[in-house]
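Trainee: Okay, here's the structure, questions in a sec.
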Amino acid sequence: MSCYLNPRSDLVFKKIFGERKHLLISFLNSLLPLPEDGLIESLDYLPVEQIPTIPVLKRTIVDVKCTDQQGRIFICEMQIEWSSYFMERMLFGASQAYVRQLEKGDKYEYLKPVYGLGLLGQNFDHESDHFYHHYKIVNVEKPEREIKGLQFVFIELPKFKPSTHAEKKLQILWLRFMSEINEKTKTVDSELLSVPEIKEAVEL
Numbered sequence: 002m003s004c005y006l007n008p009r010s011d012l013v014f015k016k017i018f019g020e021r022k023h024l025l026i027s028f029l030n031s032l033l034p035l036p037e038d039g040l041i042e043s044l045d046y047l048p049v050e051q052i053p054t055i056p057v058l059k060r061t062i063v064d065v066k067c068t069d070q071q072g073r074i075f076i077c078e079m080q081i082e083w084s085s086y087f088m089e090r091m092l093f094g095a096s097q098a099y100v101r102q103l104e105k106g107d108k109y110e111y112l113k114p115v116y117g118l119g120l121l122g123q124n125f126d127h128e129s130d131h132f133y134h135h136y137k138i139v140n141v142e143k144p145e146r147e148i149k150g151l152q153f154v155f156i157e158l159p160k161f162k163p164s165t166h167a168e169k170k171l172q173i174l175w176l177r178f179m180s181e182i183n184e185k186t187k188t189v190d191s192e193l194l195s196v197p198e199i200k201e202a203v204e205l
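Counted from 1, the sequence shown has number 60 at position 59 by our numbering; the numbering is strictly sequential.
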């Protein structure tokens, strides 16, 4: 009999990261393209009322409002998406999270940036070996010019190979947790258990 559950399943992911802020902070700091002085220090789970009411269009795992080291606020909208049209689903979800920040009459200056994070169990970019894909809204002719507000990160878990990305240890270990642990797992590598947050996630 297996001792473990698959963290990529909706229920297990939400049990681990949807109820324990410190684990989600560690997870997001390792995966999002945040500056060194802009790591997440605290977060709050957004109420379920902010989730769109058309469940067939979007399956959100966790939505959170994050505060970084500089006191800046942004929103992260996470999904584990296995079906086709995942980019459209992520765009829909992140756009909803962006729009729903304002009530009628509120000023646009109150809007905070939104990151969409998609953890994918299938490959979509068959022309690249890279597993980590970061998208922004940029000027086609001058990519350095960016429209702030929405960014997306897609991670193709099947392409993830720990030995080729040793420079980001915490990211690698969290992705190993997401990739390696499942119902067939009998023992867990001690390297994963060496990180207190990952050890707690494994125990959960």
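Positions of the beta carbon are idealized from the N, C-alpha and C atoms, including for glycine.
Quick caveat: nothing in here was measured; it's all calculated off a predicted structure.
Measuring straight from C-alpha to C-alpha, what distance separates I138 and M179?
Mentor: So the two alpha carbons sit approximately 28 Å from each other.
Trainee: Between V154 and Y116, how many whole angstroms is the CB-CB distance? I'm expecting something under 8 Å.
Mentor: Yes, V154 and Y116 are in contact; Cβ-Cβ is about 7 Å, under 8 Å.
Trainee: Where in the segment 123-154 do unbroken runs of the beta strand (DSSP E), each at least 3 residues long, occur, reported from the N-terminal end onward?
Mentor: DSSP runs (the beta strand (DSSP E)) wholly in the segment 123-154: 133-139.
Trainee: Between A202 and L151, which are expected to be in contact by the criterion C-beta below 8 Å, what is the C-beta distance as a whole number of angstroms?
Mentor: No, A202 and L151 are not in contact; Cβ-Cβ is about 28 Å, not under 8 Å.
Trainee: To which residues of the same chain is N124 closer than 8 Å at the C-beta, ignoring the five residues directly before and after it?
Mentor: Result list for N124: E157, P159 and K160, in chain order.
Trainee: Please report the straight-line C-alpha distance between E142 and Y136, rounded to a whole angstrom.
Mentor: Taking the straight line joining both Cα atoms gives about 16 Å.
Trainee: Within a Cβ cutoff of 6 Å, which residues of the same chain sit near K105, ignoring the five residues on either side of it in sequence?
Mentor: Within the same chain, K105 has no close Cβ partners at all.
Trainee: Going by DSSP, which residues form a beta bridge with D107?
Mentor: D107 pairs with nothing; no bridge assigned.
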